[in-house]
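K.L.:
Here it is: the structure, laid out below.
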Amino acid sequence: MKKILIIEDDSQTNSAYSSKLSANYFVTSAIEGKQGVSKAIKENPDLIILDIMLPGGLNGFDVLRELKHNSATSQIPVIVLTNLEEQEQAAKAGGAVGCLVKANTSIDEVENIIKKHLQ
Amino acid sequence: MMESSADLEKFKLAVDNAYDHIIITDSDAKILYANAAATKITGYSLQEMLGQNPRLWGGNMGKKFYEDMWKIIKIDKHTFHGEVNNIRKGGRPYTAEVSISPVLNDKGEIVYFVGIERDITREKDIDRMKTEFVSLASHQLRTPLTAVKWFIEMLLDGDAGTLNDEQSKYLRNVYQSNERMIELVNSLLNVSRIESGRIIVEPSPTNIASLVNEVVSKLKPTMAEKDIKLVLKIEDNIPSIDLDQKLVFNVYENLLVNSTKYSFPEGVITLAIYKEGEFLISAVEDHGVGIPTHEQERVFLKFYRGTNVVKEHSEGSGLGLYLAKAIVESSGGKIWFKSEEGKGSTFYFSLPLSGMKSKSGEVTLSA
Numbered sequence: 001m002k003k004i005l006i007i008e009d010d011s012q013t014n015s016a017y018s019s020k021l022s023a024n025y026f027v028t029s030a031i032e033g034k035q036g037v038s039k040a041i042k043e044n045p046d047l048i049i050l051d052i053m054l055p056g057g058l059n060g061f062d063v064l065r066e067l068k069h070n071s072a073t074s075q076i077p078v079i080v081l082t083n084l085e086e087q088e089q090a091a092k093a094g095g096a097v098g099c100l101v102k103a104n105t106s107i108d109e110v111e112n113i114i115k116k117h118l119q
Numbered sequence: 001m002m003e004s005s006a007d008l009e010k011f012k013l014a015v016d017n018a019y020d021h022i023i024i025t026d027s028d029a030k031i032l033y034a035n036a037a038a039t040k041i042t043g044y045s046l047q048e049m050l051g052q053n054p055r056l057w058g059g060n061m062g063k064k065f066y067e068d069m070w071k072i073i074k075i076d077k078h079t080f081h082g083e084v085n086n087i088r089k090g091g092r093p094y095t096a097e098v099s100i101s102p103v104l105n106d107k108g109e110i111v112y113f114v115g116i117e118r119d120i121t122r123e124k125d126i127d128r129m130k131t132e133f134v135s136l137a138s139h140q141l142r143t144p145l146t147a148v149k150w151f152i153e154m155l156l157d158g159d160a161g162t163l164n165d166e167q168s169k170y171l172r173n174v175y176q177s178n179e180r181m182i183e184l185v186n187s188l189l190n191v192s193r194i195e196s197g198r199i200i201v202e203p204s205p206t207n208i209a210s211l212v213n214e215v216v217s218k219l220k221p222t223m224a225e226k227d228i229k230l231v232l233k234i235e236d237n238i239p240s241i242d243l244d245q246k247l248v249f250n251v252y253e254n255l256l257v258n259s260t261k262y263s264f265p266e267g268v269i270t271l272a273i274y275k276e277g278e279f280l281i282s283a284v285e286d287h288g289v290g291i292p293t294h295e296q297e298r299v300f301l302k303f304y305r306g307t308n309v310v311k312e313h314s315e316g317s318g319l320g321l322y323l324a325k326a327i328v329e330s331s332g333g334k335i336w337f338k339s340e341e342g343k344g345s346t347f348y349f350s351l352p353l354s355g356m357k358s359k360s361g362e363v364t365l366s367a
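So the protein sequences, as listed, match chains A and B.
If you're matching positions, the first sequence starts at 1 in the working numbering and goes up one per residue.
If you're matching positions, the second sequence starts at 1 in the working numbering and goes up one per residue.
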């Protein structure tokens, strides 16, 4: 079973991801940036879902930068899922494989894009 | 003579003490007079201003702005109106609404310029804060709306077990209300983007018929619910036009959604697209409820909704036409309509066949 790391501070959103994905994936989550980076290094997930507005000092872009600069995590595909819209270019430039606005994306679409990047 | 000097004194007192900054220059823009508000707003004393050029506090708007301004006041000899970013003595910037009028002698030669400035820094700040507030609040609203959306989708998909028909029906209603809230947030975000001037315009060669077909296929289910028939009359040989497809899509969508919403069941909507001079005209005609005559001038105002439709259709934000107008006008086009209550409305908009001009910015519109 492939492993997905969710870095998302909103507990309900986090719970929605786990509920949808845990039937087919092993889901682990972090609720702030620093914790997300250390979990990514320690647990070596197959894919990371990353929010942008995160508490604890590191926002999503900081996390993305750390992940891409660390040889242990630089190859892991990262999908940015945020409710800020202006982020697509920055996310792609930072090395994310996709960037979606959560409120305008169905949970099935989320699962489909994950599936696509895990093939 | 006594009377005219008393009159003169009266005018001088009025100008000296006016709330707005008023200066008089000669035809070479050398300052001859400045009132008290001018010294207060710019921070320069009267002595520092006299004989100088208003560049003392102005001149920060870029070459094109001043070229246009000089053409209007010196060559066309008309009044110039504009918004300028100036700098007070000491370096603090301020924003002013400015008007400059040439004063002509009997021969039509310019003898003076009268410049009037109103400091609108505070209004601008408040406006910006309002836009930022809407943007922040909207983004924050999206988080709980997303969680609601996703959990309902999972319930409807049967992820938590099979629902009976009644449960599904209730949940679909909850889902639809939530989607409406998401759309409202998207509209508010779009308004705040347009108003903040940070919108990106990215024109690319566009086949108008295929763009319209995309809009139509998105709206098909909504039209089908009311058995609305859509007739497309797109003129042949419309050339490819450089348009920001996302923006223009939004205009067609807003107009077609309105005409669907305000048509009677089984109504016919006609979308005609044709060339006229240097413009491409689009006309969306419905035979629905129409707009009451006395409300017609308010149709494009933000949050306006017709009193005759609010009763029947509680949903709707009153932002669609406001957005459509902002998009069309910023693209060099116009938007207008004719309407009769009880008979229907036709909304028209024009876009230059020469295309939209690109504009760099930070944000795009929400889907």
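Beta carbons: idealized from backbone N, C-alpha and C, even for Gly.
Values in this document were obtained by computation on a predicted structure and should not be read as measured data.
Do you know how far the Cα of SER22/A is from the Cα of GLY33/A?
P.N.:
Roughly 22 Å between the two C-alpha positions.
K.L.:
Residues in the same chain with beta-carbon distance under 7 Å from LEU84/A, minus the five sequence neighbours each way, listed in chain order, please.
P.N.:
Once the five neighbours on either side are set aside, the close Cβ partners of LEU84/A are ILE52 and MET53.
K.L.:
Output, in chain order, the set of chain B residues within a Cβ distance shorter than 7 Å of ASN83/A.
P.N.:
Simply HIS139, ARG142, THR143 and THR146.
K.L.:
With distances taken from CA atoms, which of ILE291/B, LYS357/B, ILE269/B and ASP68/B is nearest GLU340/B?
P.N.:
Closest by alpha carbon: ILE291/B.
K.L.:
Measure the alpha-carbon distance for HIS287/B versus LYS3/A and round it to whole angstroms.
P.N.:
In a straight line, the C-alpha of HIS287/B is about 56 Å away from that of LYS3/A.
K.L.:
Out of PHE133/B, THR222/B, GLY158/B and LEU184/B, which one is the CA nearest neighbour of SER196/B?
P.N.:
Measuring from the Cα of SER196/B, the nearest candidate turns out to be PHE133/B.
K.L.:
Residues of chain A with CB closer than 9 Å to the CB of ILE182/B, please, in chain order.
P.N.:
Within chain A, the residues near ILE182/B are ALA103 and ASN104.
K.L.:
So which residues on chain A does LYS40/B lean against when the C-beta distance must stay under 9 Å?
P.N.:
The contacting residues do not exist; LYS40/B stays about 39 Å from chain A at best.
K.L.:
Using a Cβ cut-off of 7 Å, pull out every chain B residue sitting near ILE107/A, in sequence order please.
P.N.:
Here the neighbours are TRP150, GLU153 and MET154.
K.L.:
Tell me which residues share the same chain as LYS68/A and place their Cβ nearer than 6 Å to its Cβ, disregarding the 5 neighbours each side in the sequence.
P.N.:
Answer for LYS68/A: SER74 and GLY95, listed in chain order.
K.L.:
Mind pulling the alpha helix (DSSP H) runs of 4 or more residues that sit fully within the stretch 40 to 96 of chain A?
P.N.:
Taking only runs of at least 4 residues, the alpha helix (DSSP H) segments lying wholly in the stretch 40 to 96 of chain A are 60 to 69 and 88 to 93.
K.L.:
Near TYR304/B, what residues of its chain come up, given a Cβ to Cβ distance below 7 Å and the 5 sequence neighbours on each side ignored?
P.N.:
Within the same chain, TYR304/B has close Cβ partners ARG298 and GLY318.
K.L.:
Which runs of the alpha helix (DSSP H) at least 4 residues long sit entirely within the stretch 212 to 262 of chain B? Give them in chain order.
P.N.:
Taking only runs of at least 4 residues, the alpha helix (DSSP H) segments lying wholly in the stretch 212 to 262 of chain B are 245 to 261.
K.L.:
Counting only the same chain and skipping the five closest in sequence on each side, list residues whose C-beta sits under 8 Å from that of ASN86/B.
P.N.:
Closer than 8 Å at the Cβ level, and outside the excluded window around ASN86/B, lie THR42, TRP57, GLY58, ASN60, PRO93, TYR94, THR95, ALA96 and GLU117.
K.L.:
Under the three-state reduction of DSSP, which class applies to ILE41/B: helix, strand or coil?
P.N.:
Note: ILE41/B maps to helix in three-state DSSP.
K.L.:
Just curious, the beta strand (DSSP E) that PHE151/B is in, first and last residue?
P.N.:
That residue, PHE151/B, is in no beta strand (DSSP E); its alpha helix (DSSP H) goes 121 to 156.
K.L.:
Compute the Euclidean distance between the alpha carbons of ASP28/B and ILE73/B, then round it to the nearest angstrom.
P.N.:
Distance between the alpha carbons of ASP28/B and ILE73/B is about 12 Å.
K.L.:
I'd like to confirm the pairing. Which residues does DSSP put opposite THR13/A in its beta bridges?
P.N.:
None; THR13/A has no bridge partner.
K.L.:
So for TYR175/B, helix, strand or coil by DSSP?
P.N.:
Note: TYR175/B maps to helix in three-state DSSP.
K.L.:
What's the gap between the Cα of ASN254/B and the Cα of GLU67/B?
P.N.:
Between ASN254/B and GLU67/B, the C-alpha separation is close to 38 Å.
K.L.:
Give every residue of the same chain whose Cβ lies closer than 8 Å to the Cβ of ASN250/B, excluding the five residues on either side of it in the sequence, and list them in chain order.
P.N.:
Correct list, in chain order: ASN190, LEU323, ALA324, ILE327 and LEU365.
K.L.:
With burial defined as no fewer than 16 other Cβ atoms inside 10 Å of the residue's Cβ, what is the status of MET1/B: buried or exposed?
P.N.:
With a pLDDT of 49 at MET1/B, under the threshold of 50, the modelled position of that residue is not reliable, and no figure is offered here.
K.L.:
Residues of chain B with CB closer than 9 Å to the CB of THR28/A, please, in chain order.
P.N.:
Neighbours of THR28/A on chain B: none; closest Cβ ~19 Å, over 9 Å.
K.L.:
Report the CB separation of LYS275/B from LEU353/B in whole angstroms; it is logged as a contact under 8 Å.
P.N.:
At roughly 7 Å, the Cβ-Cβ gap stays under 8 Å, so LYS275/B and LEU353/B are in contact.
K.L.:
Per DSSP, what are the beta-bridge partners of PHE104/B in this structure?
P.N.:
According to the sequence displayed, residue 104/B carries Leu and not Phe. For LEU104/B, which the question treats as bridged, DSSP gives the partners ILE110/B.
K.L.:
Could you give the first and the last residue of the continuous beta strand (DSSP E) run that contains HIS81/B?
P.N.:
HIS81/B -> beta strand (DSSP E) spans 80 to 87.
K.L.:
To the nearest angstrom, how far is the alpha carbon of GLU266/B from that of ILE76/A?
P.N.:
Near 53 Å, if we compare the C-alpha coordinates of ILE76/A and GLU266/B.
K.L.:
Quick one, are the C-beta atoms of LEU145/B and ALA103/A less than 7 Å apart?
P.N.:
Against a cut-off of 7 Å, the Cβ pair of ALA103/A and LEU145/B comes out as a contact.
K.L.:
Would you call HIS21/B buried or exposed, if buried means 16 or more other Cβ atoms sit within 10 Å of its Cβ?
P.N.:
Buried, by the Cβ-count rule.
K.L.:
Let me know the secondary structure DSSP gives ILE194/B once reduced to three states.
P.N.:
Helix at ILE194/B.
K.L.:
Could you check the C-alpha separation between PHE279/B and ALA6/B for me, to the nearest Å?
P.N.:
Approximately 57 Å between the Cα atoms of the pair.
K.L.:
Could you please tell me which residues of the stretch 244 to 270 of chain B, in chain order, have their CB closer than 8 Å to any CB of chain A?
P.N.:
Cβ contacts with chain A come from no residue of the stretch 244 to 270 of chain B.
K.L.:
Measuring straight from C-alpha to C-alpha, what distance separates ALA16/A and GLY98/A?
P.N.:
Each residue's alpha carbon lies about 19 Å from the other.
K.L.:
Assuming the contact rule is C-beta atoms closer than 8 Å, ALA283/B and THR206/B should be a hit. Round their C-beta distance to whole Å, please.
P.N.:
That pair is no contact at about 18 Å.
K.L.:
For ASN70/B, which beta-bridge partners are listed by DSSP?
P.N.:
Reading off the sequence, residue 70/B comes out as Trp, not Asn. Bridge partners of TRP70/B: none, in fact.
K.L.:
Any idea if LEU100/A is buried or exposed, counting beta-carbon neighbours within 10 angstroms, 16 or more meaning buried?
P.N.:
Looking at its Cβ environment, which holds 16 or more other Cβ atoms inside 10 Å, LEU100/A is buried.
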